[in-house]
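**Q**
Numbering (full-length UniProt numbering), first residue to last: 1 to 250.
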């Protein structure tokens with residue numbers, strides 16, 4: 001299917017979804033305060049924007065999102081790559097990983113508050129935990145999946161040392177898989193932003209909780225849409241970077 005056909009179908013799907021939502025909201029089947037219509041969102045945005053609340057919440061969430069994303073991505077890629085390269089290290093930390101991995105980030109909220117207080121540091125810590133595991137496993141699988149023949153070829157051409165082998169053979173070969181993990185972490189990071197802010201840290205999640213307490217559901221929907229748009233923009237930008245980085249594959 002051609003690119004413009006895909007774009008047209010995607011746009012049509014969004015339009016149909018919004019029209020169906022608007023129809024249900026206006027039908028009266030569900031009370032307006034429980035299900036606001038999409039047409040109520042622009043007015044809510046103007047109100048929040050003029051008061052400066054929207055900008056403040058977006059900037060607050062972006063600050064700890066970017067810190068958590070950067071930290072979780074770097075550590076996840078580093079530890080995942082190390083575990084894939086060195087069998088002894090892989091065996092040493094294998095059961096620690098198995099014990100810690102099933103614990104969701106929100107389960108660490110009490111410790112985040114104790115260690116960092118109700119602060120952006122606590123939110124960044126929770127976001128980095130989520131992003132870490134995604135990148136750890138993606139990098140581990142990508143590095144382990146590098147063609148062994150390429151590594152043997154590297155030895156034959158004098159690239160058997162750790163540093164040359166890592167940067168000239170392993171990482172380039174594993175890069176598509178690693179970047180897939182980074183991209184997945186972008187989305188999961190935004191999902192964790194809301195959970196991280198529910199206990200009083202300034203940002204989109206906190207504003208959503210404040211609005212839900214007042215049954216201002218149109219405000220809640222506004223910030224849900226805001227999160228979706230922020231993810232959409234970040235994902236689009238990342239895909240542009242990824243296409244350039246992996247241009248050698250074409």
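Quick reminder that beta carbons are idealized off the backbone N, C-alpha and C, glycines included.
The ligand NAP and residue 210: does the residue's C-beta get closer than 7 Å to at least one heavy atom of that ligand?
**A** Absence of the ligand NAP from the depicted structure is noted, as is the absence of any ligand whatsoever, leaving it without description.
**Q** Where do the ends of the alpha helix (DSSP H) carrying residue 50 lie?
**A** Here residue 50 corresponds to residue number 50 of the chain shown, with the count starting at 1. Where residue 50 is concerned, the enclosing alpha helix (DSSP H) stretches over 41 to 51.
**Q** Look at the Cβ atom of residue 136, then the Cβ atom of residue 187, and state whether they are nearer than 8 Å.
**A** Residue 136 sits at position 136 when you count from the first residue of the chain shown. Residue 187 sits at position 187 when you count from the first residue of the chain shown. Their beta carbons are not under 8 Å apart, which means residue 136 does not touch residue 187 by this criterion.
**Q** Based on Cα-Cα distance, which residue from 193, 131, 172, 143 lies nearest to residue 59?
**A** If you number the chain shown from 1, residue 59 lands on position 59. The option with the nearest alpha carbon to residue 59 is 193.
**Q** In the DSSP assignment, the alpha helix (DSSP H) including residue 33 goes from what residue to what residue?
**A** Residue 33 sits at position 33 when you count from the first residue of the chain shown. From DSSP, residue 33 is part of no alpha helix (DSSP H); its letter is neither H nor E.
**Q** Taking DSSP as the reference, what is the three-state secondary structure of residue 199?
**A** Position 199 of the chain shown, counted from the start, is the residue given in the question as residue 199. Residue state, collapsed to three classes: coil.
**Q** Please list the terminal residues of the continuous alpha helix (DSSP H) segment that includes residue 110.
**A** For this step, residue 110 is matched to residue 110 along the chain shown. Taken as a continuous stretch (DSSP letters only), the alpha helix (DSSP H) holding residue 110 covers 109 to 116.
**Q** Between residue 165 and residue 218, what straight-line distance do the alpha-carbon atoms span, to the nearest angstrom?
**A** Taking the chain shown and counting its residues from 1, one reaches residue 165 at position 165. Taking the chain shown and counting its residues from 1, one reaches residue 218 at position 218. Taking the straight line joining both Cα atoms gives about 55 Å.
**Q** Specify, as a first and last residue, the run of the alpha helix (DSSP H) that residue 89 falls within.
**A** Indexing the chain shown from 1 puts residue 89 at position 89. First-last of the alpha helix (DSSP H) with residue 89: 87 to 100.
**Q** Could you tell me the alpha carbon to alpha carbon distance between residue 143 and residue 181, rounded to whole angstroms?
**A** Position 143 of the chain shown, counting from 1, holds the residue named residue 143. Position 181 of the chain shown, counting from 1, holds the residue named residue 181. Cα to Cα, residue 143 sits roughly 12 Å from residue 181.
**Q** How about residue 196 and residue 123: do their beta carbons lie closer than 8 Å?
**A** Walking along the chain shown from the start, residue 196 turns up at place 196. Walking along the chain shown from the start, residue 123 turns up at place 123. Yes, the Cβ-Cβ distance between residue 196 and residue 123 is below 8 Å.
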